[in-house]
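Protein chains: 2
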Amino acid sequence: MSLRDASIVSLMATIYNFSAGPATLPTSVMARAQADFIDHHGLCYGIVEASHRSPEFGAIIQRAETNIRNLTGIGDEFAVLFLQGGASTQFAMVPMNFLAPGCTAAYVDSGSWSTKAIKEANNLGSTTTVASSKASNYDRIPAFEAADIDTATPYLHITSNNTIFGTQYQTVPDVPAGVPLVADMSSDILSRRLPFDAFDLIYAGAQKNLGPSGVTVIIIRRELAERGASSLPSMLDYRTHIKAESRYNTPPTFAIYMLMLVTNWILDQGGVDAVEQVNRQKAAALYACIDADDFYRGTAEPGSRSIMNVCYRLPTEAKEADFGTVAKAAGFVGLKGHRSAGGIRASIYNAMPLSGVTALVDFMNDYRQRQG
Amino acid sequence: MSLRDASIVSLMATIYNFSAGPATLPTSVMARAQADFIDHHGLCYGIVEASHRSPEFGAIIQRAETNIRNLTGIGDEFAVLFLQGGASTQFAMVPMNFLAPGCTAAYVDSGSWSTKAIKEANNLGSTTTVASSKASNYDRIPAFEAADIDTATPYLHITSNNTIFGTQYQTVPDVPAGVPLVADMSSDILSRRLPFDAFDLIYAGAQKNLGPSGVTVIIIRRELAERGASSLPSMLDYRTHIKAESRYNTPPTFAIYMLMLVTNWILDQGGVDAVEQVNRQKAAALYACIDADDFYRGTAEPGSRSIMNVCYRLPTEAKEADFGTVAKAAGFVGLKGHRSAGGIRASIYNAMPLSGVTALVDFMNDYRQRQG
Chain A
93 MSLRDASIVS
103 LMATIYNFSA
113 GPATLPTSVM
123 ARAQADFIDH
133 HGLCYGIVEA
143 SHRSPEFGAI
153 IQRAETNIRN
163 LTGIGDEFAV
173 LFLQGGASTQ
183 FAMVPMNFLA
193 PGCTAAYVDS
203 GSWSTKAIKE
213 ANNLGSTTTV
223 ASSKASNYDR
233 IPAFEAADID
243 TATPYLHITS
253 NNTIFGTQYQ
263 TVPDVPAGVP
273 LVADMSSDIL
283 SRRLPFDAFD
293 LIYAGAQKNL
303 GPSGVTVIII
313 RRELAERGAS
323 SLPSMLDYRT
333 HIKAESRYNT
343 PPTFAIYMLM
353 LVTNWILDQG
363 GVDAVEQVNR
373 QKAAALYACI
383 DADDFYRGTA
393 EPGSRSIMNV
403 CYRLPTEAKE
413 ADFGTVAKAA
423 GFVGLKGHRS
433 AGGIRASIYN
443 AMPLSGVTAL
453 VDFMNDYRQR
463 QG
Chain B
93 MSLRDASIVS
103 LMATIYNFSA
113 GPATLPTSVM
123 ARAQADFIDH
133 HGLCYGIVEA
143 SHRSPEFGAI
153 IQRAETNIRN
163 LTGIGDEFAV
173 LFLQGGASTQ
183 FAMVPMNFLA
193 PGCTAAYVDS
203 GSWSTKAIKE
213 ANNLGSTTTV
223 ASSKASNYDR
233 IPAFEAADID
243 TATPYLHITS
253 NNTIFGTQYQ
263 TVPDVPAGVP
273 LVADMSSDIL
283 SRRLPFDAFD
293 LIYAGAQKNL
303 GPSGVTVIII
313 RRELAERGAS
323 SLPSMLDYRT
333 HIKAESRYNT
343 PPTFAIYMLM
353 LVTNWILDQG
363 GVDAVEQVNR
373 QKAAALYACI
383 DADDFYRGTA
393 EPGSRSIMNV
403 CYRLPTEAKE
413 ADFGTVAKAA
423 GFVGLKGHRS
433 AGGIRASIYN
443 AMPLSGVTAL
453 VDFMNDYRQR
463 QG
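Residue numbers (this note's numbering), protein chains in the order written: chain A, 93 to 464; chain B, 93 to 464.
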């Protein structure tokens, strides 16, 4: 019983939501969640009303975990957790667990979120920044050599995609053997094929590629979790959640349900490789439009460009404001750049269809022509 | 466009969900959330897809806060926050903020959740348990004298309602002037009139009386927050969230939206006093049924009985198992007692209608008669 059937859709204006997150979700997922909202598969009440200990929710969280395992290809040496608090909580939880007194954790500073992660770690212990692109206003992923990282480093932390500046690691960086690699993948998890088992700890707020806000996915090597500090608050100890299979306390059940539906959808699309192919098409179309002449100007170095967040400027700030207004009237919302970066940002996560990007490119070309 | 109109409802079996939380939500709230799920008031997309910085979500979180202020009557000397992590995170966050080295916080041990709060605090500092009902298996709220509490105590912590054992403070306990009173109100917030400004910090997971899981309501006296420890992780410092008005990072937007709808509904019922009246009727009907003879046996001392969680036993565990099976078949779900307490538990939060309790009482009387 979907309300997003043809007759309803025809009554709705076509709106493309390019928000950086919370972001657009797959149409079929939204329709399914709506249809089942008050009566989950014959329960006669909604999953949002079901106990987190119920068999119905148990099947959902198990399916969500299985989906993530299938999509990433990780083995049982990793635990998959669904926590609360967002990446911002992970900024503290990682050093609380793994940055012992007397040790120095290594961070790469590739933008605002990296900077926040470093600040939280510095509050709890010692860090070193092995590379930074701050001097060029974070227009690229800064390079570093594995040889420059002390092999005694408790972990190296990277931000795989920088939402605000539109940059993204093109490959997994080399780290010395034995140094755990920790990645904030909040804005590009499951959007492209990576050797996920090259990481020891991945965390990601779900609200960009995986579902609504309110749930954070953790993929952690069990052996790393076991090395966590002792006497941590229970909720800030990865071992607590591994042992309780993410149900130490009441988890955010509806957000996990939505994540389950979204990961089902990714599998239905053909998995990570299939969505990556579409994501690359979408990004290529936008960057081609930007690069066609000097009217639009991409802010990220071409070698560091993100396929998730396409950031660009127009000739003047006044023109950018006008572009935003005209775009919104045409049905393209959420295009304003982050307040710290300015300009325009099109966030094109997994659930943004190619048709949305094609429509935006047509609009951008039209807008450019009308300036002549 | 509500799917819970008469024709649909008539197709659904009558199910009453007595889960301890996540719990049943008001029918009209569920219908509204479903109707607006894919198109929030003409946005052409769902609120679950909207940016937490959007004006649409801004209006929702502001309304949620205003509703809580109107329902509690607190003044601007209190901040209202919507955080993640549940009460279990608060168990650590309270002592991290307010239990300085060399000080001893006071706790009342009235059940499993109190015990967990004490354990987390002991992990971070020193506590004293000023009263406990452990010796009588938490069948009552233990008494204590304000005079027994050191006036230098950084705070006194209570659990206002004990979900597992079905006990509840009947009044706000006296504390010495100057000792902040902290309450875990997860299972009875906004279910009855209390002098909310007698507390300095109230926290409550939403999933019983206020909405779905995934959001924790905090009501904190601003002056107390200012006295928090320095150098806390940002996410664990109340001042961070007060300053950012609960949007330091991406909040659980859909859970807050649902909480806004549920608090609208409480206001529509006539506010806290009106729902309290119904809650007392529901509890009185159940306790009267239990007290009618010795077949059902309430586990809480009459003077400590909860109006939220009614816990009782049957003559044997085998009979309890049978009762659960027969009740479920008759449409009464979620009645199993917590695994640590056994027996039967009917959770009758705000959203459980009187008709649900009346039906359960009829069923219980019928079940008892059939034993004869």
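Even for Gly, the Cβ is constructed at its ideal location relative to N, Cα and C.
With respect to chain B, the C-beta atom of CYS136 of chain A has a partner C-beta closer than 7 Å. Counting C-beta pairs with one atom in each stretch, the stretch 338-348 of chain A and the stretch 199-211 of chain A have fewer than three that are closer than 8 Å, which means they do not touch.
For TYR247 of chain B, no alpha helix (DSSP H) encloses it, and the DSSP letter there is neither H nor E. Proximity of chain B to ALA171 of chain A at the Cβ level (cut-off 9 Å) is not reached, the minimal Cβ distance being about 19 Å. Contact between the stretch 372-388 of chain B and the stretch 214-226 of chain A is absent: fewer than 3 CB-CB pairs across the two stretches fall below 8 Å.
Between PRO246 of chain A and LEU316 of chain A, the CB-CB gap reaches or exceeds 7 Å.
Secondary structure note for ALA377 of chain B: it is in no beta strand (DSSP E), and the uninterrupted alpha helix (DSSP H) holding it is 364-383.
Pairing LEU135 of chain B with VAL200 of chain A, the inter-Cα distance amounts to about 39 Å. When 8 Å is used as the limit between beta carbons, GLY217 of chain A is near no residue of chain B, the shortest such separation being about 12 Å.
Taking all protein chains in view, the Cβ of ASP329 of chain B is crowded by 16 or more other Cβ atoms within 10 Å, so the residue is classified as buried. If only complete runs of 4 or more residues are kept, the stretch 199-266 of chain B shows the alpha helix (DSSP H) at 204-216, in order along the chain. The beta carbon of LEU359 of chain A sits closer than 8 Å to those of ASN159, ASN162 and LEU163, all from its chain and outside the five residues before and after it, given in chain order.
Spatial neighbours of PRO304 of chain A in its own chain (CB-CB distance under 7 Å, excluding positions within 5 residues in sequence) are listed in chain order as PRO114, ALA298, ALA347 and MET350. Under a criterion of Cβ atoms nearer than 7 Å, the residues of chain A adjacent to SER305 of chain B are, in order, HIS144, THR342, PRO343, PRO344 and THR345.
By the 16-neighbour rule on beta-carbons within 10 angstroms, GLU212 of chain A is buried. For ALA179 of chain A, the closest C-alpha among the options A:ALA410, A:ILE250 and A:LEU216 is that of A:ILE250. Annotation for ILE166 of chain A: PHE288, ASP289 and ILE311 place their beta carbon closer than 7 Å to its own, counting only its chain and skipping 5 residues before and after.
Assignment of beta-bridge partners to TYR295 of chain B by DSSP yields B:ASP276 and B:ILE310. For ARG437 of chain B, there is no enclosing alpha helix (DSSP H); the residue is found in the beta strand (DSSP E) stretching over 436-439. Under the three-state reduction of DSSP output, TYR108 of chain A falls in the strand class. Judged by beta-carbon spacing, THR308 of chain A lies within the 7 Å limit of LEU175 of chain A, meaning their Cβ atoms are closer than that value. Residues of chain A whose Cβ lies closer than 7 Å to the Cβ of GLN299 of chain B are, in chain order, THR342.
GLY362 of chain A is not a Cβ neighbour of ILE107 of chain A, given a cutoff of 7 Å. When C-alpha distances from ASP280 of chain B are compared across B:GLY194, B:GLU368 and B:VAL425, the shortest belongs to B:GLU368. For a cut-off of 8 Å, the C-beta gap from VAL140 of chain A to GLU157 of chain A is around 20 Å, too long to register as a contact. Beta-bridge pairing by DSSP links LEU175 of chain B to B:THR308. In this structure, the alpha-carbon of ASN215 of chain A lies about 37 Å from that of LEU282 of chain B.
By the Cβ neighbour-count rule, ASN229 of chain B is exposed, with fewer than 16 other Cβ atoms within 10 Å of its own. For ASN401 of chain B, the enclosing beta strand (DSSP E) starts and ends at 401-405.
Taking 7 Å as the upper bound on Cβ-Cβ separation, chain A lies near residues SER180, THR181 and ALA184 of the stretch 179-211 of chain B. Judged by pairs of C-beta atoms under 8 Å, the stretch 429-440 of chain B touches the stretch 253-262 of chain B, as three or more such pairs exist.
LEU293 of chain A and ARG314 of chain A have their alpha carbons spaced roughly 9 Å apart.
Per DSSP, ILE153 of chain B is one residue of the alpha helix (DSSP H) stretching across 147-164. Taking C-alpha positions only, PRO118 of chain A is separated from ASP266 of chain B by approximately 53 Å. For a Cβ distance threshold of 7 Å, residue set GLN176, GLY177 and MET327 of chain A lies close to GLY177 of chain B, ordered along the chain. Along the stretch 430-441 of chain A, there is no position whose C-beta sits under 8 Å from a C-beta of chain B.
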